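The next block holds one structure in the form of structure tokens; read it before the comments.
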Amino acid sequence: MAPADLSAAEALLWQAFPRGTWVDLRTADHDETLAAGRWPADRTIRAEVITALLLGAVEPEPGHLAAVRLRGVRVTGLLDLMGATVSGSLVCEHCRFDVAPRLAEAVTRTVRIIESVLPGFNGARMRADGIVNLHRSVIRGLLILDRARVTGEVFLRGTTVGDGTGAVAIAADGLVVEGDLDFSGATCLGSVRLRGARVTGWVNASGARLRGAAGPALDADNAVIGGSFTGKQLVSEGKIKFQHARIGGHLQLTGARLHNPGDWALAGGGVAVEGGFWCSDGFTAVGEVRLIGARLGSNLTLTGAELSNPGGVALNLDSATLADFDGAGLRVPAGQLSLVGTHVAGRLNLAAAELGGVLGRPAVVADGAVIGKSLA
Numbered sequence: 001m002a003p004a005d006l007s008a009a010e011a012l013l014w015q016a017f018p019r020g021t022w023v024d025l026r027t028a029d030h031d032e033t034l035a036a037g038r039w040p041a042d043r044t045i046r047a048e049v050i051t052a053l054l055l056g057a058v059e060p061e062p063g064h065l066a067a068v069r070l071r072g073v074r075v076t077g078l079l080d081l082m083g084a085t086v087s088g089s090l091v092c093e094h095c096r097f098d099v100a101p102r103l104a105e106a107v108t109r110t111v112r113i114i115e116s117v118l119p120g121f122n123g124a125r126m127r128a129d130g131i132v133n134l135h136r137s138v139i140r141g142l143l144i145l146d147r148a149r150v151t152g153e154v155f156l157r158g159t160t161v162g163d164g165t166g167a168v169a170i171a172a173d174g175l176v177v178e179g180d181l182d183f184s185g186a187t188c189l190g191s192v193r194l195r196g197a198r199v200t201g202w203v204n205a206s207g208a209r210l211r212g213a214a215g216p217a218l219d220a221d222n223a224v225i226g227g228s229f230t231g232k233q234l235v236s237e238g239k240i241k242f243q244h245a246r247i248g249g250h251l252q253l254t255g256a257r258l259h260n261p262g263d264w265a266l267a268g269g270g271v272a273v274e275g276g277f278w279c280s281d282g283f284t285a286v287g288e289v290r291l292i293g294a295r296l297g298s299n300l301t302l303t304g305a306e307l308s309n310p311g312g313v314a315l316n317l318d319s320a321t322l323a324d325f326d327g328a329g330l331r332v333p334a335g336q337l338s339l340v341g342t343h344v345a346g347r348l349n350l351a352a353a354e355l356g357g358v359l360g361r362p363a364v365v366a367d368g369a370v371i372g373k374s375l376a
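Structural data, given as structure tokens:
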């Protein structure tokens, strides 16, 4: 029996939950979720009601999967599932949460909150047997996935995270994803931390806009990615870090624009990439591209790229090992190329490259380098 104090909207959810059917309170196909604070009271559901259902207040109907499925709802109060084991899925579309949901240390099925507005999300150390999907939501504070484990995929495609004032937008150190991690097209107003993360599939950051407010734009030091990292057309303000990371496929930054003047634009010291490393087709970096001791199983491609680090090293490949270096048409209006102790097993191609160098120093330093075949 439902509690006596349920509102009409809450009663609808209470009845829908055992069969996992939708409660849709939208008044039009394209409600303005950002204006949910002005929605009428009859579109509001208390978080405590959702929590009670997800923690077993109502039994599933035989032959159905119980779930909370909401559209166009304003959720008031704290959705607190900390440390709980949740058997039903949580699915919200075009919803507004007044308080950041707390799923820290919870064991859940699918969590899908898309095209919604949240002040934050705490999923630290959660275990999700399914997907975690925050597609195109606006998370105005911190998204926490530190040491979470997801047996499925994590989708942050088109999501906006952070308020631009804090040091971190996404905290996901030690995150384990047994599948793919997709934050293509995301806007992150603060650092994205993936230090020591493990992703068995690929990581897609294509078209993402990353702005490190008080730290790196992306910190993936010591991360292990079983597939590829794709960052086509990625735009960053602040350094991108892959130090001592391991990538089983390729690392693709074609068309990316990295901006961190006077510091490292891309820090990949000790990175190991089994496939190709592409920084071509309009790739630009203001700041040092630092790949000291990198181990590249295939090519480093900088065709048509532009690197600039006035007064310093624009590309540092000291002690790196790679199969081929293709820098045809590379432009370095300011800064050196450092290849000290670099081992290129195949060819090094700098045909038609424009190397400005640093005043009073050579454009290229290659002491102790071993080159299989050098092309003009």
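Residue numbers for the sequence shown follow the working numbering, so the first one is 1 and each next one is one higher. In this text, a Cβ means the ideal position worked out from N, Cα and C, and glycines have one as well. Please read all numbers here as calculations on a predicted model, not as lab measurements.
Residue i, buried or exposed, once every other Cβ within 10 Å from all chains shown has been counted against 16
i	result
Asp-5	exposed
Lys-373	exposed
Glu-59	exposed
Val-370	exposed
Gly-368	exposed
Pro-362	exposed
Leu-65	exposed
Thr-51	buried
Thr-382	Since the displayed the chain opens at 1 and closes at 376, residue 382 lies outside it and no answer follows.
Thr-27	exposed
Ala-67	buried
Gly-276	buried
Gly-360	exposed
Own chain, CB closer than 6 angstroms to residue i, minus 5 neighbours either side, in chain order
i	result
Ala-256	Gly-231, Leu-234 and Phe-283
Asn-260	Gly-238, Lys-239 and Gly-287
Ile-247	Ile-225, Phe-229 and Val-273
Leu-218	Val-192, Leu-210 and Ile-240
Gly-152	Gly-130, Ile-131 and Gly-179
Asp-182	Phe-155, Arg-157 and Asn-204
Val-150	Ala-128, Val-132 and Val-177
Val-364	Leu-337
Leu-315	Val-289, Leu-307 and Leu-337
Glu-61	Pro-18 and Arg-19
Leu-251	Phe-229, Val-273 and Phe-277
Contact under 8 angstroms by Cβ, residue i with residue j
i	j	result
Ala-272	Asn-309	no
Gly-293	Gly-269	yes
Glu-237	Arg-195	no
Val-340	Leu-355	no
Glu-115	Arg-147	no
Trp-278	Leu-253	yes
Asp-263	Asn-299	no
Leu-54	Gly-88	yes
Gly-342	Asp-326	Reading the sequence as shown, one finds Thr at residue 342 and not Gly. No. Outside cutoff.
Ala-351	Ala-328	yes
Ser-280	Val-313	no
Leu-143	Ala-169	yes
Val-99	Arg-112	no
Val-265	Ala-223	It is worth fixing the name first, because residue 265 is Ala in this sequence and not Val. No, they are not a contact pair.
Ala-285	Leu-258	yes
Thr-421	Ala-57	The question about residue 421 has no answer, for the chain in this structure spans 1 to 376.
Val-138	Thr-160	yes
Spatial neighbours of residue i in its chain, beta-carbon cut-off 8 angstroms, leaving aside the 5 residues before and after
i	result
Arg-400	One cannot answer for residue 400 here, as it falls past the ends of the chain, which runs 1 to 376.
Ala-9	Val-23, Leu-25, Asp-42, Arg-43, Thr-44, Ile-45 and Val-73
Asp-163	Arg-140, Gly-141, Leu-189 and Gly-190
Val-86	Leu-54, Leu-55, Ala-106, Val-107, Thr-108 and Arg-109
Other residues of its chain near residue i: CB distance less than 7 angstroms, five sequence neighbours each side excluded
i	result
Gly-185	Arg-157, Gly-158, Gly-207 and Ala-208
Ala-167	Gly-190, Ser-191, Ala-213, Ala-214 and Gly-215
Gly-227	Gly-201, Trp-202, Gly-248 and Gly-249
- Taking the runs of the beta strand (DSSP E) that are 3 residues or longer, which of them lie wholly in the stretch 282-362? Listed in chain order, the beta strand (DSSP E) elements of length 3 or more contained wholly in the stretch 282-362 are 284-290, 299-301, 306-316, 324-326, 331-338 and 343-349.
- Which runs of the beta strand (DSSP E) spanning at least 3 residues fall entirely within the stretch 96-155, listed in chain order? Residue ranges of uninterrupted beta strand (DSSP E) with 3 or more members, entirely inside the stretch 96-155 and ordered along the chain, are 111-114.
- Within the stretch 61-94, ranges of the beta strand (DSSP E) (whole runs, at least 3 residues): Secondary structure remark: continuous beta strand (DSSP E) runs of at least 3 residues inside the stretch 61-94, in chain order: 67-71, 74-76 and 89-93.
- Task: Starting from the N-terminal side, write out each stretch of the beta strand (DSSP E) that is 3 residues or longer and does not extend beyond the stretch 248-274.
- Result: Runs of the beta strand (DSSP E) lying entirely within the stretch 248-274 and spanning at least 3 residues, in chain order: 257-267.
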